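Below is one structure, written out as structure tokens; the observations come after it.
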């Protein structure tokens, strides 16, 4: 089997073991390769990202770095590569694991401040980005990625009338948004979140369309109320979350918290240090959303 690995001078590539994903920040070229080579696990010290295989094999469930695809859906079609992992995934359930997620960005003021807080706390979060805001803030998209946070898709328009007109209208916006992200960071996300959530919006046809294109839909099971009117102040946001931790302790294996970083969500920025402190005091650790994220409920 012939293959070629490209890497920069002075960087040593460590082939750890046979696995199900490639994990590296460097370029590689699988010239003439097929089959098993797609499953080799490559890793460089300090890597911040993992990649699905050419055959759309997913990473091991316990990895804690963002997962991306080296190809857009358009490129996969052109190369005749698989578009989806199928219908079965392995889930990661931990002990007191929290996923901080932010929708509707990027927004220069709020997202930058959130990134600063995450750096200071030495943790990572997941940002579900909207196409229109990506076009306005490509530098923030790059910063999210470079800092080791995860990026997901959150439609292009966030317009319910357009999105939920048909499954194709929905997936067309996902593809449009992934192309924008790919043009900025050179990889595409495969996690996505439906604006307004799937409940009341998704029919079986939507779920089929999303799965057939390999997108992994990510819901939530806790929220600060920063978009429903109950979290108008930072104090209310913290209190809202605190109450949910009490009444739903069974979610501590995968606590997925919905927040927003778009215009008008300054209270969320103010609440974030308190939320992180609250969770740390209760023994939570923080992970980014990966392809192994369990169903929210």
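Numbering (my numbering), first residue to last: 1163 to 1459. Yeah, the Cβ is synthetic: ideal placement off N, Cα and C, and Gly gets one too. From a predicted model like this one, the values you see are computed outputs, not experimental measurements.
Exercise. Start and end of the alpha helix (DSSP H) containing residue 1365?
Worked result: Run containing residue 1365: none; DSSP gives neither H nor E here.
Problem set entry | Supposed contact pair residue 1316 and residue 1265 - C-beta distance, whole angstroms, cut 8 Å | 6 Å
For this session: Using beta-carbon positions only, say whether residue 1375 and residue 1273 come within less than 8 Å of one another.
Result: no
Problem set entry | Cβ-based neighbour list, residue 1295, same chain, cut-off 8 Å, excluding 5 preceding and 5 following | Taken in chain order, the residues that qualify are 1266, 1267, 1268, 1269, 1424.
For this session: May I have a chain-ordered list of the alpha helix (DSSP H) segments no shorter than 4 residues that lie completely inside the stretch 1356-1423?
Result: Unbroken alpha helix (DSSP H) stretches of 4 residues or longer found wholly inside the stretch 1356-1423: 1366-1374, 1396-1409, given in chain order.
Problem set entry | Given residue 1233 as reference, the closest of 1420, 1344, 1436 once Cα atoms are compared | 1344
Problem set entry | Beta-carbon proximity of residue 1419 to residue 1285, cut-off 8 Å | At the C-beta level, residue 1419 and residue 1285 stay beyond 8 Å of one another.
Exercise. Taking only runs of the alpha helix (DSSP H) that begin and end inside the stretch 1258-1335, which ones reach a length of at least 4 residues, in chain order?
Worked result: 1270-1283, 1293-1298, 1300-1308, 1322-1325
For this session: Starting from residue 1431, follow the alpha helix (DSSP H) in both directions and report where the run begins and ends.
Result: 1428-1443
For this session: May I ask you to report which of helix, strand or coil DSSP gives residue 1449?
Result: coil
Exercise. Is residue 1238 helix, strand or coil when you go by DSSP?
Worked result: DSSP places residue 1238 in helix when its eight states are reduced to three.
Exercise. Would DSSP call residue 1214 helix, strand or coil?
Worked result: In this structure, DSSP gives residue 1214 a state outside helix and strand, which the three-state scheme calls coil.
Problem set entry | Close beta carbons around residue 1200, own chain, < 7 Å, minus the five adjacent residues each side | Confidence is the limiting factor: at residue 1200 the pLDDT is only 48, short of 50, which leaves the residue's position unreliable and the question unanswerable from this model.
Exercise. Cα-Cα, which of 1391, 1370, 1427, 1442 is closest to residue 1249?
Worked result: When only C-alpha atoms are compared, the closest one is 1370.
Exercise. What residue from 1368, 1278, 1422 has the CA that sits closest to residue 1377's CA?
Worked result: Residue 1368 is the option with its Cα nearest to residue 1377.
For this session: State yes or no: is the C-beta of residue 1395 within less than 8 Å of the C-beta of residue 1430?
Result: no
For this session: Check residue 1347 in the structure and name its three-state DSSP category.
Result: helix
For this session: Have a look at residue 1283 and residue 1444 and give me their C-alpha separation to the nearest angstrom.
Result: So the two alpha carbons sit approximately 16 Å from each other.
Problem set entry | Exposure label - residue 1355; buried when at least 16 CB within 10 Å | Residue 1355 should be labelled buried.
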